[in-house]
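Scroll down for the structure; my scribbles are underneath it.
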Amino acid sequence: MTRDSVQGTLPKASVAESLAVLNDVFVPNVAKGVLIRRPKVVGMAERLGLDRRAVHRLQQLNEKYGSGPLMLQVPGEKTMALVLDPAHVNRILEQSPEPFATAEQAKRSALEHFEPDMALVSHGSERAERRRFNEAVLQSECPVHGLGERFVKVAKEEADELLHTTRQRGDSLDWDTFFETWSRVVRRVVLGDTARDDHALTETLGKLRAAGNWGFMHPGRHHLRDALHERLCIYLKRAEPGSLAAEVARVPTNDITQPEHQVPQWLFAFDPAGMATFRTLALLAAHPEHARRAREEAANLEQHPTPELPYLRACVLESLRLWPTTPMVLRQSTETTLWENGAMPSDTSLLILAPYFHRDDRHLASANRFDPDLWLQPEGTGTWPLIPFSGGTGICPGRRLVLLVTSTVLARLLSHREFRLDPPSRLLSSKPMPPLLNNYDLKFTLGGY
Ligand code: HEM
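In this text, residue positions in the sequence shown follow my numbering: the first is 151, and each later residue adds one.
So, in structure tokens, the structure goes:
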């Protein structure tokens, strides 16, 4: 696009409309907790249908102003724009980090609390090196990570132990019990078996994430941050075989890489994977026909050291489409950018609200249905942005690893027991899938096959 082909100015929302976006989109998402969820607020957001309100607000603005990007009038110096058009999403994600930097201001002020030198909040040559390192350790382009066999073994062992615990607890499963297991899987995969019961590490990170939820409004917990990094360095030095820490030792690094700033991201980003797994259990409990297909596939778990499990992966992806765990994907422009209908100033924060695209019932027939087949089409067949893992050059480098671990845990659980929602009316296939599913209050009763 050249300056000559650009006509007019970008549409601008009124002050009242801009405040309505702050109120319906930013306030609920920030209140739910950007880096670590506040379960009570998540419950309230579910009851009040706040996520639907956010999608409706953007649809209204799209109908009034067209494809945008729509400039918002926000208090202070900041310039912000809403991305409303699928082609614009694809462009922004493809053209990251120049001219659309991943290191957006709000994201930086949140992550600075414990990983100021993480790839996502770095720019230029620093970002390039740290992104390279993340891709190398997480083997982001390999269908199955080189340590996949080991990760599958860990996932199976912990799932078995969870099944054992549920039997002792009267065949019932709640979030806290599930999350204990999940955190063990995560620590073993990332740091090794010696970290299995290092709850203190998860707690320390939890406190720093809670501070990060407040962004620049929190003064920071510097001692705690140093303590976290020291603890992580011990594990990284140990480089336990079969863990990502061992990969860190194998992959070349330099003064810029700062592995101990990358590792907290891996640990904390595994949390949403646990949320997605638990919600997938709920989706399958509510959709017996899909559960049957998932169980049939789960039988493959015993036949291969790293089974593919495409259907279960698609179910997890569906859970992430319906209830994305990173609902706000943010970028910041590094120069003046040109759009069909105007120029956008440098330093504008661009908001891509994933649910606006994922749940757009004007364009997607299964916007509000559980439809794993959406993810079983050959790759690259659709251009509609379904972006639970972001997309383009900044796509989550952990996505394949996440899908390996989540699908394995689900396969192990489903091949041994039947999971029924308690009460069964908590989620019903006869109704549209709700705008949000509070994972913290989901409960299951386990039956035998
Ligand atoms: C369900 C689980 C997960 C989801 C939904 C998810 C989603 C995302 C998204 C949306 C981004 C881009 C954020 C942005 O552009 O601001 C991202 C970045 C990232 N994710 Fe994940 N993620 C998950 C789990 C993981 C795990 C387990 C790891 C590592 C083991 C990981 C590693 C990373 C890294 C290193 C980045 C930064 C990439 C960069 O700097 O370009 N993620 N993830």
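Ideal Cβ placement from N, Cα and C applies to all residues, glycine included. Computed from a predicted model, the values in this text were never measured in an experiment.
Here the distance from the Cβ of C465 to the nearest heavy atom of ligand 1 is not below 6 Å. A Cβ-Cβ distance of about 19 Å is found for the pair V479 and W416, leaving them out of contact under the 8 Å criterion. Counting along the chain, I502 sits inside the beta strand (DSSP E) bounded by residues 498-503. Inter-segment contact for the stretch 224-234 and the stretch 329-346 is absent: fewer than three beta-carbon pairs are separated by less than 8 Å. Boundaries of the alpha helix (DSSP H) harbouring D326: 325-340, taken from the DSSP string. Distance between F328 and G158, taken at the CA atoms: about 54 Å. No heavy atom of ligand 1 is found nearer than 6 Å to the CB of L536. Taking a C-beta distance under 7 Å as the contact criterion, L234 and S217 qualify as a contact pair. Ligand 1 approaches R281 closely enough that one of its heavy atoms is under 6 Å from the residue's Cβ. For W416, the enclosing alpha helix (DSSP H) starts and ends at 409-436. The straight-line gap separating the alpha-carbon atoms of S496 and T486 is approximately 4 Å.
Contact between L243 and S540 is confirmed by a C-beta separation of about 6 Å, below the 8 Å threshold.
Within the same chain, Cβ atoms closer than 7 Å to the Cβ of E167 are found at L211, the five residues on either side in sequence being excluded. If you ignore the 5 residues before and after L358, its C-beta comes within less than 7 Å of the C-beta of H263, F264, R371, L374, R375, L378, all in its own chain and listed in chain order.
CA-CA distance, E291 to K303, rounds to 22 Å.
L351 and F418 do not touch by the CB rule: their CB atoms are close to 11 Å apart, not below 8 Å.
Contact between the stretch 549-562 and the stretch 448-457 is present: three or more C-beta pairs spanning the two stretches fall below 8 Å. Relative to the non-hydrogen atoms of ligand 1, the Cβ of C546 comes within a distance shorter than 6 Å of at least one. At least one heavy atom of ligand 1 lies less than 6 Å from the C-beta of T475. Shortest Cα-Cα distance from R471 to any of L394, D510, N491 involves D510.
The secondary-structure analysis by DSSP pairs S168 with nothing; it has no beta-bridge partner. A residue is called buried once 16 or more other Cβ atoms fall within 10 Å of its Cβ, and C465 is buried on that count.
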